[in-house]
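All remarks here apply to the structure that follows.
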Amino acid sequence: MSFRPPKGTDDILPPDSRRWRRVLRAFDDLAERFGYDLIVYPVFDSTEIFARGVGEGTDVVQKEMYTFKDRGGRSITLRPEATASVVRAYLASGSQIPMKLAYAGPMFRYERPQAGRRRQFWQVGVEYLGEDSPQADVEVIELGYRFYQTIGLEGLEVQVNSLGDPTSRAAHRGALTEFLEGIRSHLSEDSRTRIETNPLRVLDSKEDHSKLQGAPLPAEFLSDESVEHYAAVKQGLQQASIPFVENPRLVRGLDYYTRTVFEYVATRLDVAQNAVGGGGRYDQLAEVLGGRHVPAVGFSLGIDRIVLALGEEAGLRPALDAFIIVADEQRRQAAVGLVRELRARHLRADMEPGPRSVKAQFKSADRRQALYAIVVGDEWDDGEVTIRDLDKGEEVRVARERISTYLRIGGEAE
Ligand code: HAM
2 MSFRPPKGTD
12 DILPPDSRRW
22 RRVLRAFDDL
32 AERFGYDLIV
42 YPVFDSTEIF
52 ARGVGEGTDV
62 VQKEMYTFKD
72 RGGRSITLRP
82 EATASVVRAY
92 LASGSQIPMK
102 LAYAGPMFRY
112 ERPQAGRRRQ
122 FWQVGVEYLG
132 EDSPQADVEV
142 IELGYRFYQT
152 IGLEGLEVQV
162 NSLGDPTSRA
172 AHRGALTEFL
182 EGIRSHLSED
192 SRTRIETNPL
202 RVLDSKEDHS
212 KLQGAPLPAE
222 FLSDESVEHY
232 AAVKQGLQQA
242 SIPFVENPRL
252 VRGLDYYTRT
262 VFEYVATRLD
272 VAQNAVGGGG
282 RYDQLAEVLG
292 GRHVPAVGFS
302 LGIDRIVLAL
312 GEEAGLRPAL
322 DAFIIVADEQ
332 RRQAAVGLVR
342 ELRARHLRAD
352 MEPGPRSVKA
362 QFKSADRRQA
372 LYAIVVGDEW
382 DDGEVTIRDL
392 DKGEEVRVAR
402 ERISTYLRIG
412 GEAE
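Take the sequence shown: its letter number 271 is residue 272 in my numbering, and every next letter is one higher.
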């Protein structure tokens, strides 16, 4: 039996998983500060939610879903994305008020695996439901931007566009289809199929980019209200000092978008998968699912790609603040008490659970990547411990009541 995970999936172990934890925590913290509550909802949903919500003509629905019949004969799909289910949950809750929701978890798409394109991948995201003000779009885009700033992702570009309302989208689709029919024979096979299923996607085709000069763009079909809404979003972004570029060909891969769409692009990653996040407004989605009118905007950010883009240089802080060393077994209870106290003081502390030689314990401290080893030995009776800086190899005696302060200040001076 092979121990490898299934194709296109990964086991994320230490030390890499420490980067994941840092990134997930940073997002959770920021989303909470922006007023987003947590939503936890099923990893699978009825297939219809995605077929209708994401759109029959999209690659996600046509080629990428993990769909199966459960033992009760229901068609079930592992969630390929979050937004459709979050809207379903909101409608199920019967809530009438704007709701700001954040989530994190695995999504599933049967894609051709490569670096940054996985079959199981993690997204974090927010959905601001029940609000059509452009200020909501700005807030959502800002939250994503601040998140990338917090985790130190360099070379990030925020791209924005507006797709307009359903009427302007339909008008644009008509004109675009006509244009594409005219150049059909010059287009790639993929794009030719898409003329029928999803002509909008041809616009951001990398393969056919050069043949699309003069293709009708969504911007040319916007209604006055959509123009106004888009202008207010751009103004809001400027006021928030968020640099962005307008990408008139940005259309996104899912069908539910109206008006604002945006993408966060890591310019240092390979073009094929350099979108580290994306989102937009989807004012019609709730109705498409059979609910009432719920204007909404949100984004999802791809954790796998973000960690990839952060690369080695993001650095890893040591896994533990202190590893406690029991100098002789009589001191074990004192050492256990010390670990407990440090943990209660929000320090990361650990020790060996059973007898080991002092040498073996120091080895563990190194292997566990602790900043300091704290030796509980004879000096304990004088109210002191010995603290060794595991990087520099220097040792000092520190009074017991000063240990946590020492760990903190020493840690900061590092
Ligand atoms: P999406 O553009 O399909 O949007 O996905 C968002 C992000 O998830 C992408 O930018 C990428 O970083 C990551 N991602 C997507 N597919 C993969 C994959 N196969 N492997 C690794 N990472 C991937 C959505 O999912 C929408 N729900 C966003 C949204 C929320 N719109 C409104 N609210």
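Backbone N, C-alpha and C fix where the C-beta goes; we use that ideal spot for every residue, glycine too.
These figures come from a predicted structure and were not determined experimentally.
Find the nearest neighbour of residue i within the set the options, judged by alpha-carbon distance.
i: Gln-121; options: Asp-367, Pro-319, Tyr-231, Asp-12; result: Asp-12
i: Val-41; options: Val-88, Tyr-265, Thr-48, Val-55; result: Val-88
i: Leu-130; options: Ala-297, Glu-395, Ser-405, Leu-317; result: Ala-297
i: Ala-335; options: Arg-357, Gly-384, Phe-300; result: Gly-384
i: Phe-148; options: Leu-286, Val-277, Lys-364, Arg-332; result: Val-277
i: Ala-116; options: Val-376, Thr-48, Ala-310, Arg-72; result: Ala-310
i: Leu-177; options: Ser-186, Gly-394, Gln-160, Leu-213; result: Leu-213
i: Arg-20; options: Thr-84, Arg-306, Asp-382; result: Arg-306
i: Ala-27; options: Gly-153, Glu-182, Asp-166, Ile-184; result: Gly-153
i: Tyr-231; options: Ile-196, Gly-281, Asp-271; result: Gly-281
i: Gly-36; options: Ala-172, Thr-59, Met-100; result: Met-100
i: Lys-207; options: Asp-329, Ser-189, Lys-8; result: Ser-189
i: Pro-356; options: Glu-330, Leu-164, Val-337; result: Glu-330
i: Glu-313; options: Glu-155, Ala-233, Gly-165; result: Glu-155
i: Arg-22; options: Phe-263, Ala-105, Thr-10; result: Ala-105
i: Leu-181; options: Leu-204, Arg-333, Gln-160; result: Leu-204
Please report the residue range of the beta strand (DSSP E) in which residue i lies.
i: Phe-122; result: 121–130
i: Ala-350; result: 350–352
i: Val-234; result: No beta strand (DSSP E) holds Val-234; the alpha helix (DSSP H) holding it covers 225–240.
i: Thr-151; result: Here Thr-151 belongs to no beta strand (DSSP E); instead the alpha helix (DSSP H) covers 135–152.
i: Thr-261; result: 261–267
i: Gln-160; result: 157–163
i: Glu-402; result: Segment: none, Glu-402 is in no beta strand (DSSP E) and carries neither H nor E.
i: Ala-276; result: 276–282
i: Ile-375; result: 371–377
What is the rounded straight-line gap between the Cα of residue i and the Cα of residue j?
i: Ser-96; j: Glu-128; result: 14 Å
i: His-347; j: Phe-324; result: 14 Å
i: Ala-273; j: Ala-374; result: 45 Å
i: Ala-371; j: Ala-320; result: 6 Å
i: Pro-219; j: Thr-194; result: 20 Å
i: Pro-16; j: Ile-326; result: 23 Å
i: Phe-300; j: Ser-94; result: 21 Å
i: Leu-14; j: Arg-318; result: 15 Å
i: Leu-251; j: Val-266; result: 12 Å
i: Arg-403; j: Glu-380; result: 14 Å
i: Met-352; j: Val-399; result: 19 Å
i: Glu-415; j: Ile-388; result: Low per-residue confidence applies at Glu-415: pLDDT is 38, beneath 50, and the placement is therefore not dependable enough to give any value.
i: Pro-107; j: Val-295; result: 26 Å
i: Lys-393; j: Thr-406; result: 19 Å
i: His-1; j: Thr-151; result: Any property of residue 1 remains undetermined from this structure, which presents the chain solely from 2 to 415.
i: Gly-412; j: Glu-342; result: Because the pLDDT of Gly-412 is 45, which lies under 50, any placement of that residue in the model is unreliable, and the question is left without a value.
i: Leu-144; j: Ile-243; result: 10 Å
i: Gly-215; j: Ile-184; result: 11 Å
i: Val-24; j: Gly-291; result: 36 Å
i: Pro-6; j: Glu-33; result: 33 Å
i: Val-62; j: Gly-56; result: 7 Å
i: Asp-256; j: Asp-133; result: 18 Å
i: Thr-168; j: Thr-84; result: 23 Å
i: Leu-102; j: Ala-52; result: 23 Å
i: Tyr-283; j: Val-141; result: 13 Å
i: Gly-58; j: Ser-192; result: 13 Å
Using DSSP with H/G/I as helix, E/B as strand and the rest coil, what is residue i?
i: Arg-409; result: helix
i: Thr-10; result: coil
i: Leu-177; result: helix
i: Glu-415; result: Note that Glu-415 has pLDDT 38, beneath the 50 cutoff, so the model's placement of it is unreliable and the number below is only indicative. Coil at Glu-415, not helix or strand.
i: Ala-320; result: coil
i: Val-272; result: helix
i: Arg-389; result: strand
i: Ile-307; result: helix
i: Glu-247; result: strand
i: Asp-38; result: strand
i: Glu-208; result: coil
i: Arg-170; result: helix
i: Val-252; result: coil
i: Glu-395; result: coil
i: Arg-1; result: Outside the shown range of the chain (2 to 415) lies residue 1, about which nothing can therefore be said.
Along the alpha helix (DSSP H) that carries residue i, what are the first and last residues, could you check?
i: Val-340; result: 333–345
i: Ala-297; result: Segment 297–303 is the beta strand (DSSP E) holding Ala-297; no alpha helix (DSSP H) there.
i: Arg-368; result: 359–368
i: Ile-196; result: 190–198
i: Leu-286; result: 286–289
i: Leu-31; result: 17–34
For residue i, is the beta carbon positioned less than 7 Å from some heavy atom of the ligand FMN?
i: Leu-302; result: Inclusion of the ligand FMN in the displayed structure is not the case, the ligand content consisting of the ligand HAM alone.
- 3-residue-minimum beta strand (DSSP E) runs that sit fully inside the segment 41–116, ordered along the chain: Complete beta strand (DSSP E) runs here, min 3: 45–47, 68–70, 76–79, 100–109.
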